[in-house]
Amino acid sequence: MKKENLVAEETIFSKIIRREIPSDIVYQDELVTAFRDISPQAPTHILIIPNILIPTVNDVTAEHEQALGRMITVAAKIAEQEGIAEDGYRLIMNTNRHGGQEVYHIHMHLLGGRPLGPMLAYKGL
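Residues are numbered in my numbering as their position in the sequence shown, beginning at 1, plus a constant of 1.
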């Protein structure tokens with residue numbers, strides 16, 4: 002992947018996209034990059050990100066639809082390659098502080114490789 006084709010601005014993910022810092026990239030094309038999470042929460046934990054900087058889901062516009070659609074198709078492809086597609090997996094996108102977002106470069110978590118249980122524990126309203 003040519004560095005000049007990857008236009009993300011400065012986040013840690015931008016540096017991963019441009020391969021300026023070490024990471025275990027499992028997929029990369031002109032629209033998205035996917036790499037293994039450094040603190041996995043499941044046997045398979047991969048982050049899938051657009052190569053352009055979109056800080057949060059709230060910042061998504063119609064011009065981002067191709068990259069966001071690619072994130073989903075790449076997730077399915079990676080799940081198949083990782084051998085977790087048939088048993089199942091979870092896709093998660095966190096938005097802002099209350100949603101648990103830590104890096105303000107939109108990203109999707111692909112988790113699988115074991116039963117994941119309920120998504121949220123009931124804590125009352």
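Quick reminder that beta carbons are idealized off the backbone N, C-alpha and C, glycines included.
For THR1, does the count of other Cβ atoms within 10 angstroms reach 16, so buried, or fall short, so exposed?
Not covered by the structure: residue 1. The range shown for the chain is 2 to 126.
So VAL61 and ILE53 are supposed to be a Cβ contact under 8 Å. How far apart are they, rounded?
Not a contact, Cβ separation roughly 11 Å.
Could you tell me which uninterrupted alpha helix (DSSP H) segments, each at least 4 residues in length, are contained entirely in the segment 90 to 123, listed from first to last along the chain?
Here the runs fully enclosed are 97 to 100.
Taking the beta strand (DSSP E) that VAL27 falls in, what are its first and last residues?
Looking at the DSSP string, the run of the beta strand (DSSP E) that includes VAL27 is 26 to 29.
The beta strand (DSSP E) that contains THR45, what's its start and end?
That run of the beta strand (DSSP E) goes 45 to 51.
Please report how far the alpha carbon of GLN1 lies from the alpha carbon of GLU31, in whole angstroms.
Given that the chain is displayed from residue 2 to residue 126, the structure contains no residue 1 and the question cannot be resolved.
Distance check for ALA35 and LEU112, CA to CA, integer angstroms please.
Cα to Cα, the separation comes out at about 13 Å.
Identify the continuous beta strand (DSSP E) that holds ALA35 and give its terminal residues.
Its beta strand (DSSP E) spans residues 33 to 37.
Is GLN82 helix, strand or coil by DSSP?
Helix, per DSSP.
Please report the straight-line C-alpha distance between ILE50 and ILE17, rounded to a whole angstrom.
Looking at the two C-alpha atoms, the distance is approximately 10 Å.
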